[in-house]
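Scroll down for the structure; my scribbles are underneath it.
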Amino acid sequence: MAVGLEKVHVETTGVDIWLLLQSRNERGDIASSGVLRVEFVARSWAPFREAPTVRLSYKRPGECTTETNILALPIVTTRFLSPYDEKDEMAYDTLCKQMNSASVQTRRLSAGCVTHNGAIEEALKGMGFCVIHPVDSTEWKAMAAHATQSHGILSYEPAVVKVFSHAPGAFTAQVITKSHVLSAAISEVLEQALLSKEQTECEEKFSVFGGNLTTLLSGVTCFFFFLCISLSHTFSFPAHCCALLLFTLLRLTVSFLSLPFLWFFAP
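Numbering (our numbering), first residue to last: 51 to 317.
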């Protein structure tokens, strides 16, 4: 069996005080094109600030030096959110009134991070929220419960979010929880989720546009090629004149086709 990496070791290095993290199967050799599966189990004692980090060390076959990388695990405090049982607007308003001593975090979302209204609901549901959004409304109300387990006792704290449009294309998120750490984390993760979704959609649009442009350009090139051959036979043009004509027509075509490309990326 050909070994790809030797003495692979995954070690937890940085864990927030309010996060309990355990792992198993942390070391071993990896065969060429193989995989080492390391399993992690996390428990939140309270809302925490930083994602945990691990140190990955390994040796390459035939080398004496050990290579090391520090990696951040995608375990954030919002991973411990689950949808709230209540699913109507009255329950949302009642919950907000009950949290009179809670931490309120208001954040204007980055310009352009919301490409369409459905993106907000998708992002909130992806974070574990129950979302209430009446048809044609410019407000999204969401409820979730943040689970913590300390000394074997499981408890839940409510988290409510309201996203509303204060101007065309501009949105604000208001987060209410009993922990300022959790409020800040929810605001940050929501914005990052929306920005990530927008980037993915732009890449998909560019991929489709680029494929269509390549097909169109290939077709136009073939058309001009056969046109020049036909003209050369009909009017007995010299070869260099046909080449010059073909080059000029191709430049005009590329200039014309670049207009929608520039418009697509215009701010």
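Cβ atoms here follow ideal geometry from the backbone N, Cα and C, with glycine treated the same way.
A quick note: this is a predicted structure, and the numbers were derived from the prediction, not measured.
Residue i versus residue j: straight-line alpha-carbon distance, rounded
{"i": "I170", "j": "L131", "result": "17 Å"}
{"i": "G219", "j": "R93", "result": "38 Å"}
{"i": "R158", "j": "Q224", "result": "9 Å"}
{"i": "L123", "j": "T188", "result": "35 Å"}
{"i": "V239", "j": "T128", "result": "8 Å"}
{"i": "L86", "j": "L55", "result": "10 Å"}
{"i": "I226", "j": "I182", "result": "16 Å"}
{"i": "K109", "j": "S73", "result": "21 Å"}
{"i": "K255", "j": "Q148", "result": "Confidence is the limiting factor: at K255 the pLDDT is only 46, short of 50, which leaves the residue's position unreliable and the question unanswerable from this model."}
{"i": "S237", "j": "L71", "result": "24 Å"}
{"i": "K191", "j": "S229", "result": "19 Å"}
{"i": "N75", "j": "E139", "result": "46 Å"}
{"i": "I161", "j": "I125", "result": "Checking the displayed sequence, the identity of residue 161 turns out to be Ala instead of Ile. When rounded, the distance between both Cα atoms is 27 Å."}
{"i": "L245", "j": "G112", "result": "43 Å"}
{"i": "S153", "j": "E89", "result": "34 Å"}
{"i": "C180", "j": "N119", "result": "38 Å"}
{"i": "P184", "j": "S233", "result": "24 Å"}
{"i": "K137", "j": "H201", "result": "31 Å"}
{"i": "A235", "j": "H59", "result": "30 Å"}
{"i": "V231", "j": "A217", "result": "28 Å"}
{"i": "Q199", "j": "K175", "result": "23 Å"}
Top-ranked residue by Cα proximity to residue i, from the options
{"i": "C163", "options": "S205, Q148, S215, Y142", "result": "S215"}
{"i": "A96", "options": "A217, S205, P133, V239", "result": "S205"}
{"i": "V65", "options": "S229, E241, L121", "result": "L121"}
{"i": "T115", "options": "D138, Y134, K57", "result": "K57"}
{"i": "M177", "options": "V185, P184, A195", "result": "A195"}
{"i": "D186", "options": "H230, N167, E172", "result": "N167"}
{"i": "R77", "options": "A243, N150, S107", "result": "S107"}
{"i": "V39", "options": "P102, S82, A81", "result": "Lying outside 51 to 317, the shown extent of the chain, residue 39 is not represented and no answer is given."}
{"i": "T156", "options": "V88, K212, S246", "result": "K212"}
{"i": "A26", "options": "H59, E100, P133, T63", "result": "Outside the displayed span of the chain (51 to 317) sits residue 26, for which this structure offers no information."}
{"i": "N150", "options": "K175, V231, P208", "result": "P208"}
One or two residues paired with residue i in a DSSP bridge
{"i": "G78", "result": "V58"}
{"i": "G64", "result": "T103"}
{"i": "I203", "result": "S200"}
{"i": "E189", "result": "F214"}
{"i": "S94", "result": "L69"}
{"i": "V223", "result": "Here the sequence assigns Ala to residue 223, which means Val is not the residue at that position. Paired residue(s): R157, V213."}
{"i": "A194", "result": "P133, A209"}
{"i": "C180", "result": "M193"}
{"i": "R89", "result": "Rather than Arg, the amino acid found at residue 89 in this sequence is Glu. Looking at the DSSP assignment, E89 forms a beta bridge with R74."}
Same chain, Cβ closer than 6 Å to residue i, neighbours up to 5 away in sequence not counted
{"i": "E61", "result": "R105"}
{"i": "F98", "result": "D66, W68, L69, T127"}
{"i": "A243", "result": "A173"}
Spatial neighbours of residue i in its chain, beta-carbon cut-off 7 Å, leaving aside the 5 residues before and after
{"i": "C146", "result": "V210, I226"}
{"i": "Y142", "result": "I182, K191, M193, V210"}
{"i": "D135", "result": "none"}
{"i": "G84", "result": "G54"}
Cβ-based neighbour list, residue i, same chain, cut-off 8 Å, excluding 5 preceding and 5 following
{"i": "E241", "result": "R157, L159, S160, C163, A223"}
{"i": "E117", "result": "S107, Y108, K109, R110"}
Problem set entry | Within the region 97–161, ranges of the beta strand (DSSP E) (whole runs, at least 3 residues) | 103–109, 117–122, 131–133, 153–158
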